[in-house]
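A.B. asks:
Numbering (the numbering used here), first residue to last: 10 to 427.
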């Protein structure tokens with residue numbers, strides 16, 4: 010078993026760069042997807058992801074390892090705003106949600122975190138965490154990279170071969186590699202998958218050849234409207250649930266209660282401050298990234314120094330054209346192969362939470378909570394609320410909170426049957 014590098018520990022110099030690159034590769038595909046969907050240049054997003062991550066590390070006093078990547082929770086309402094008013098008004102809505110999130114952080118600072126076990130008791134929290142991973146797993150097949158061939162059920166043998174090489178190296182490398190190699194199984198899997206793709210003629214180096222050496226991110230300023238803010242408002246519940254779930258998962262992985270130290274108020278403030286700042290200059294909302302949590306779970310390297318290194322790489326990529334272009338050539342089959350394992354690790358972490366918290370499924374409320382949350386999240390059910398469509402993990406989080414509060418009230422009134 011290789012050494013565990015705890016949150017505050019510094020890793021040896023020879024490890025820092027490869028470990029940081031590993032985290033940068035893990036986040037890149039998903040993080041760049043969001044600005045592509047919005048129709049903006051990804052360089053501003055890479056810049057703000059890096060800056061946001063460094064701010065997060067500073068605000069949480071270097072005690073909470075997390076990489077801030079582009080948030081998918083804002084996609085649906087942002088699309089509505091962009092179609093009606095333009096991206097600048099979506100930026101304004103991002104800023105509003107970020108400010109509201111910072112206000113929530115202050116409320117948590119004043120009143121503590123005891124309410125979390127009421128709003129999301131262990132049976133609900135563990136189920137929501139699992140859903141984050143299980144829902145994302147579908148992306149490993151439906152997509153995972155930008156400007157590359159995507160693995161689908163109709164993909165030819167070359168794509169399947171690249172996918173399988175990547176998955177197998179990641180899986181067996183995680184349990185077989187020793188010493189230095191045991192800390193970078195994901196990076197090695199990406200390299201092996203990429204070389205396989207090159208050998209099979211699936212990589213187009215044209216973007217690298219055509220990229221200018223120095224690029225400048227496209228900055229833009231927000232515009233504000235009541236309609237846009239109201240359209241975006243329901244997302245606040247989603248991002249809070251997601252953030253708490255991610256912090257709980259990370260706490261389990263590193264063996265520390267991050268909700269208490271550095272405190273949930275600090276991490277929520279940092280997350281939403283990053284979102285507001287990104288929206289102010291042309292970026293997209295940020296969130297703690299499950300891909301990077303998965304990397305930590307596999308490698309046992311939790312050092313914020315490594316996360317900070319990945320953030321610096323992201324900032325550099327925002328300005329160096331050939332570098333970001335090169336990473337964008339990584340086929341979706343490779344990204345899908347890596348996330349196939351990483352997303353599964355998040356799902357397994359939710360199940361671990363249920364076990365560690367000793368959730369008693371002989372009690373009807375716990376059994377019902379887990380059952381309804383899983384069914385809601387995995388059934389494909391969609392609920393429309395004005396311009397917002399709630400489905401998957403988003404809808405499941407809302408249902409989890411409502412049902413948990415109802416069960417808490419019933420129990421307080423002495424009406425619960427067990």
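Cβ coordinates follow ideal geometry from the N, Cα and C atoms, glycine included.
Note that the coordinates shown come from a computational prediction; the quantities given were computed from them, not determined experimentally.
Kindly indicate the opening and closing residues of the beta strand (DSSP E) around residue 296.
C.D. replies: Counting along the chain, the beta strand (DSSP E) containing residue 296 begins and ends at 295 to 297.
A.B. asks: Relative to the C-alpha of residue 334, which residue among 55, 32, 43 is closest?
C.D. replies: The candidate whose alpha carbon is nearest that of residue 334 is 55.
A.B. asks: Which value, in whole angstroms, describes the spacing of the CA atoms of residue 155 and residue 220?
C.D. replies: The predicted model places residue 155 with a pLDDT of 32, which falls under 50 and marks its position as unreliable, so this point remains unresolved.
A.B. asks: Quick one: is residue 169 buried, meaning 16 or more other Cβ sit within 10 Å of its Cβ, or exposed?
C.D. replies: It counts as exposed.
A.B. asks: So, helix, strand or coil for residue 259, using DSSP?
C.D. replies: Residue state, collapsed to three classes: helix.
A.B. asks: For the stretch 77 to 96 and the stretch 234 to 241, state whether three or more C-beta atom pairs, one from each stretch, are separated by less than 8 angstroms.
C.D. replies: Because the criterion of three Cβ pairs below 8 angstroms is met, the stretch 77 to 96 and the stretch 234 to 241 touch.
A.B. asks: Checking the sheet assignment: what are the DSSP bridge partners for residue 490?
C.D. replies: Since the first residue shown for the chain is 10 and the last is 427, residue 490 is missing from the structure and cannot be characterised.
A.B. asks: So does the stretch 210 to 229 actually touch the stretch 249 to 256, counting three or more Cβ pairs closer than 8 angstroms?
C.D. replies: They do not touch, by the three-pair rule.
A.B. asks: Starting from the N-terminal side, write out each stretch of the alpha helix (DSSP H) that is 4 residues or longer and does not extend beyond the stretch 323 to 348.
C.D. replies: Counting whole runs of 4 or more residues, the stretch 323 to 348 contains the alpha helix (DSSP H) stretches 330 to 337.
A.B. asks: Does the separation of the CB atoms of residue 288 and residue 107 fall below 8 angstroms?
C.D. replies: A contact, by the Cβ cut-off of 8 angstroms.
A.B. asks: In whole angstroms, what separates the C-alpha of residue 313 from that of residue 71?
C.D. replies: Taking the straight line joining both Cα atoms gives about 6 angstroms.
A.B. asks: Do residue 15 and residue 311 count as a contact pair if the criterion is CB distance below 8 angstroms?
C.D. replies: In contact: residue 311 and residue 15 (Cβ atoms closer than 8 angstroms).
A.B. asks: Determine whether the beta carbon atoms of residue 412 and residue 192 lie at a separation below 8 angstroms.
C.D. replies: No, Cβ-Cβ distance for residue 412 and residue 192 is not below 8 angstroms.
A.B. asks: Within 10 angstroms of the Cβ of residue 270, are there 16 or more other Cβ atoms? Answer buried if so, exposed if not.
C.D. replies: With fewer than 16 other Cβ atoms within 10 Å, it is exposed.
A.B. asks: So what does DSSP say about residue 223, is it helix, strand or coil?
C.D. replies: In the structure shown, residue 223 sits in a strand (DSSP, three-state: E or B).
A.B. asks: So, residue 375 versus residue 368, is the Cβ gap smaller than 8 angstroms?
C.D. replies: Contact: yes.
A.B. asks: Could you pull the start and end residues of the alpha helix (DSSP H) that residue 282 belongs to?
C.D. replies: Run containing residue 282: 273 to 290, per the alpha helix (DSSP H) assignment.
A.B. asks: If residue 142 and residue 352 are in contact, beta carbons under 8 angstroms, what's the gap, nearest whole angstrom?
C.D. replies: Rounded, the Cβ-Cβ distance is 5 angstroms, consistent with contact.
A.B. asks: Whole angstroms is fine: what's the gap from residue 229's alpha carbon to residue 103's?
C.D. replies: Taking the straight line joining both Cα atoms gives about 13 angstroms.
A.B. asks: Closer than 7 angstroms by C-beta to residue 3: which residues in its own chain qualify, once you throw out the five before and the five after it? Chain order, please.
C.D. replies: With the chain represented from 10 up to 427, any question about residue 3 goes unanswered, as that position is not in the structure.
A.B. asks: Note down, in chain order, each residue of its chain lying with its Cβ closer than 6 angstroms to the Cβ of residue 212, except the 5 sequence neighbours on either side.
C.D. replies: Only 206, 338 meet the Cβ criterion.
A.B. asks: Quick check on residue 370: does DSSP put it in helix, strand or coil?
C.D. replies: Correct three-state label for residue 370: coil.
A.B. asks: Is the stretch 116 to 130 close to the stretch 273 to 286, with three or more CB pairs under 8 angstroms?
C.D. replies: Touching, per the Cβ criterion.
A.B. asks: Taking the alpha-carbon of residue 303 as reference, which of 184, 78, 356, 137 has the nearest alpha-carbon?
C.D. replies: Among 184, 78, 356, 137, the Cα nearest to that of residue 303 belongs to 356.
A.B. asks: Using the Cα positions of residue 393 and residue 281, report the straight-line distance between them to the nearest angstrom.
C.D. replies: Roughly 25 angstroms between the two C-alpha positions.
A.B. asks: Which same chain residues end up closer than 7 angstroms to residue 29 when comparing Cβ atoms and leaving out the 5 residues on each side of it in sequence?
C.D. replies: If we look at residue 29 and ignore the five residues flanking it on each side, its Cβ neighbours are 315, 318, 319, 322.
A.B. asks: Give every residue of the same chain whose Cβ lies closer than 7 angstroms to the Cβ of residue 401, excluding the five residues on either side of it in the sequence, and list them in chain order.
C.D. replies: Closer than 7 angstroms at the Cβ level, and outside the excluded window around residue 401, lie 144, 386.
A.B. asks: Return yes when the Cβ of residue 347 is within less than 8 angstroms of the Cβ of residue 74, no when it is not.
C.D. replies: It is not a contact, given that the beta carbons lie outside the stated cut-off.
A.B. asks: Evaluate residue 80 with the Cβ neighbour count: other Cβ atoms within 10 Å of its Cβ, from every protein chain shown; 16 or more gives buried, anything less gives exposed.
C.D. replies: The residue is buried, with at least 16 neighbouring Cβ atoms inside 10 Å.
A.B. asks: Would you mind sorting residue 66 into buried or exposed? The rule is 16 or more other CB atoms within 10 Å of its CB.
C.D. replies: Flag for residue 66 reads buried.
A.B. asks: Residues in its own chain within less than 6 angstroms of residue 370 by CB, not counting five upstream and five downstream?
C.D. replies: Contacts found: 376.
A.B. asks: Between which residues of its own chain and residue 78 is the CB-CB distance below 6 angstroms, once the five residues before and five after are set aside?
C.D. replies: 36, 40, 58, 298.
A.B. asks: Below 8 angstroms on the Cβ atoms is my guess for residue 82 versus residue 296; work out the distance and round it to an integer in Å.
C.D. replies: About 7 angstroms; that satisfies the 8 angstroms criterion.
A.B. asks: Are residue 406 and residue 246 close, meaning C-beta to C-beta below 8 angstroms?
C.D. replies: Contact: yes.
A.B. asks: Given a threshold of 16 other Cβ atoms within 10 Å of its Cβ, counted over all protein chains shown, does residue 340 qualify as buried or as exposed?
C.D. replies: Residue 340 comes out buried.
A.B. asks: For residue 162, name the three-state secondary structure that DSSP assigns.
C.D. replies: Because the pLDDT of residue 162 is 45, which lies under 50, any placement of that residue in the model is unreliable, and the question is left without a value.
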